[in-house]
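These notes are about the structure you will find just below.
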Amino acid sequence: MRSWPEVSIPPSVDGVLNPPLKLLDSYKKSHVTIDDHEISIYVCGITPYDATHLGHAATYLAFDLINRYLRASGRSVWFIENITDIDDPLLERAQRDNQDWKALAHSQIDLFTEDMSALRVRPPQRYKGVVESMEEIIEIVSEHIESGLTYNIDGDIYLDLKKVPRSLEKLPYPIDEALAIFRERGGDPDRTGKSHPLDPLLWRAHRDNEPSWSAPFGKGRPGWHVECVAIAMRNIDQKPSAQTSTITMQGGGSDLIFPHHYMTAVQAESLTHLPFAKAYIHAGMIGLDGEKMSKSRGNLVFVSKLLQQGVSPMVIRCALIMSHYQSDRMWNSELLNTAQTFIAKVEQCLARTEVAPTSDLIKQIAESLSDNLDTPKVFALLNKWCAQTEAGEVGGSAGELSRALDTYLGLAF
0 MRSWPEVSIP PSVDGVLNPP LKLLDSYKKS HVTIDDHEIS IYVCGITPYD
50 ATHLGHAATY LAFDLINRYL RASGRSVWFI ENITDIDDPL LERAQRDNQD
100 WKALAHSQID LFTEDMSALR VRPPQRYKGV VESMEEIIEI VSEHIESGLT
150 YNIDGDIYLD LKKVPRSLEK LPYPIDEALA IFRERGGDPD RTGKSHPLDP
200 LLWRAHRDNE PSWSAPFGKG RPGWHVECVA IAMRNIDQKP SAQTSTITMQ
250 GGGSDLIFPH HYMTAVQAES LTHLPFAKAY IHAGMIGLDG EKMSKSRGNL
300 VFVSKLLQQG VSPMVIRCAL IMSHYQSDRM WNSELLNTAQ TFIAKVEQCL
350 ARTEVAPTSD LIKQIAESLS DNLDTPKVFA LLNKWCAQTE AGEVGGSAGE
400 LSRALDTYLG LAF
């Protein structure tokens, strides 16, 4: 599938040696240093049944900052993003609106790519849909069956977690909480005949009035987690040094920590006998009026609607990256006003003939980003620099700082 156009980014600033990137791993609860020369990142993309909301945008902006920092540090980054273009919510929305599910998916994918382009998010090297990856997914399911790790209930194929060493010992939550989350997020722990309530579905046998694909083990469609296993494993171009894991980083929103990313790792590791990822990195949730922003609650704020209202894409980008990427936070219109004021202030300072010193500032920006993307500190540093410039301090280069803000933050002044 074609992604959006590449974003033009200025070269890294001379004389700045970026420290190694350290990110907080959601499972280890500790920082992981991303210091391989060749880095592979897999980020879970959208299920295309609604336009890009700010929760989506915040997640992809977070990984865009990671991508930008690593590339500015001289790393070779291979970035994969999927699109879940066949899934229950998509089919339900298409049925509700009396629309063809494929047409709905394509229209929303087009809108998403337009939003990402407007926000200056660097495109992935591989942008893969589930439907176009069906052959690879069927191969992965077949490998699980051949390994003797699966069982069948009325044509539905499940992975037997009891046969996967330590898979039930490493759960990120106590079992009761894990079962509740599994049930809430698409799992079927109460189904009769399952070996363990948390066993994930690999293949859903054909149901009437649902799309399906032919496979050696029966007509149907894939389960959620195995889709990402196949897309990640079959689209790797660069792998971590010394083959200590399949990919360097698995990413997405924090609502994917369990079951999705956990089950994806379990399924991949049952085949490769390697850790799936060196680091599991997740962005926080965006809420509105005290609640998580989600389709089910009907309280979404859409990027496309803000753009239609005349809000600058750079203001939206700035508003979403000013807070720490891993923090859960509430959205309100005042954030746009704050971002607009900040951008106007920086623009005015950069337009001056003489500006406050910038060399140390750029180094401090890099150091802050290397520390788990500490963007609040970055913006505090920039506000301080603006105050110094307005007070008449000199000795800096407006052009040098402008290039750095584009390179690291994607803010093009």
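For the sequence shown, numbering that gives the first Met the number 0 assigns the number 0 to the initial residue and increments by one for each residue that follows.
Glycine is no exception: its CB is placed at the ideal position from the N, C-alpha and C atoms.
Straight-line gap, residue i to residue j (C-alpha atoms, nearest Å)
i	j	result
G14	G185	50 Å
N382	F341	8 Å
D87	E346	46 Å
R67	A397	21 Å
S2	H105	12 Å
H259	E389	49 Å
P19	P10	18 Å
L201	A350	57 Å
F181	F412	45 Å
P239	E80	For P239, the pLDDT reaches just 49, beneath the cut-off of 50, and the residue's location in the model is therefore unreliable, although a value from the coordinates is still provided. The alpha-carbon atoms of P239 and E80 are separated by roughly 18 Å.
G289	R95	28 Å
G309	K277	41 Å
R402	S7	11 Å
A57	Y324	7 Å
I85	A355	53 Å
E5	P173	43 Å
V377	I65	14 Å
H55	L319	11 Å
E399	A386	18 Å
E209	M248	34 Å
T191	E145	24 Å
D236	P164	28 Å
K161	M262	13 Å
R121	F301	20 Å
N298	E183	19 Å
I33	L408	19 Å
V31	E131	33 Å
W100	A93	5 Å
A231	D207	30 Å
K344	Q307	24 Å
Bridge partner(s) assigned by DSSP for residue i
i	result
T58	Paired residues: none, contrary to the question.
E290	L287
P221	W202
Y279	Q249
F301	H52
V212	The residue you asked about is not Val; residue 212 is Trp in the sequence shown. For W212, which the question treats as bridged, DSSP gives the partners G219.
D236	In DSSP, D236 forms no bridge with anything.
Neighbourhood of residue i by C-beta distance below 6 Å, restricted to the same chain and skipping five residues each side
i	result
E135	A229 and R233
K291	M284
G219	W202, R203, A204, H205 and S211
V393	E353
G217	G154 and A204
A264	F275
G128	M0, I82 and D84
Q98	none
Cβ separation of residue i and residue j, assumed to be a contact under 8 Å, to the nearest whole Å
i	j	result
C317	L410	6 Å
P312	L118	5 Å
L89	Y48	4 Å
W330	L53	6 Å
G395	T352	Not quite, the Cβ-Cβ distance comes to about 11 Å (not below 8 Å), so this is no contact.
F78	Q124	6 Å
D327	G391	Contact doesn't hold; Cβ gap of about 41 Å is too wide.
Cβ neighbours of residue i in the same chain (closer than 8 Å, five flanking residues each side left out)
i	result
S303	A50, T51, L110, E113 and D114
L380	L360, Q363, I364 and S367
L255	C43 and H281
D159	L148, T149, Y150, S194, H195 and D198
P215	I137 and S141
Y157	T149, Y150, N151, K193, S194, D198, P199, L200 and L201
S369	N17, P18, P19, L20, K21 and Y68
Q107	I45, P47, Y48, D49 and A50
P375	M321, S322 and H323
T406	I8, P9, P10, S11, V12, R67 and A71
D187	K193 and L200
S253	S25, H281, A282, G283, M284, Q325 and D327
G251	V42, C43, T58, H259, H260, H281 and A282
Cβ neighbours of residue i in the same chain (closer than 7 Å, five flanking residues each side left out)
i	result
R74	H36 and I38
V314	L335, A338, Q339 and I342
V225	I136, I139, V140, L201 and Q266
L305	I315
F257	P171, Y172, A177 and I180
T271	T245
V76	I38, I40, N66, L69 and R70
S116	W3 and P4
Proximity test, Cβ basis, 8 Å: residue i and chain B
i	result
R184	Any reference to chain B falls outside this structure, which holds one protein chain only.
Requested in this report: Return the chain-ordered ranges of every beta strand (DSSP E) run that is complete within the stretch 3–84 and spans a minimum of 3 residues.
Outcome: As far as the stretch 3–84 is concerned, its whole beta strand (DSSP E) runs of at least 3 residues are 20–23, 30–33, 37–42 and 75–82.
Report task. Just list the beta strand (DSSP E) runs in the stretch 117–173, keeping only unbroken ones of 3 residues or longer that don't cross its boundaries, in chain order. Result -> Listed in chain order, the complete beta strand (DSSP E) runs (minimum 3 residues) inside the stretch 117–173 are 125–128, 149–152 and 155–158.
Report task. Go through the stretch 316–346 residue by residue and report every complete run of the alpha helix (DSSP H) that reaches 4 residues or more, in order. Result -> Whole alpha helix (DSSP H) segments, 4+ residues: zero.
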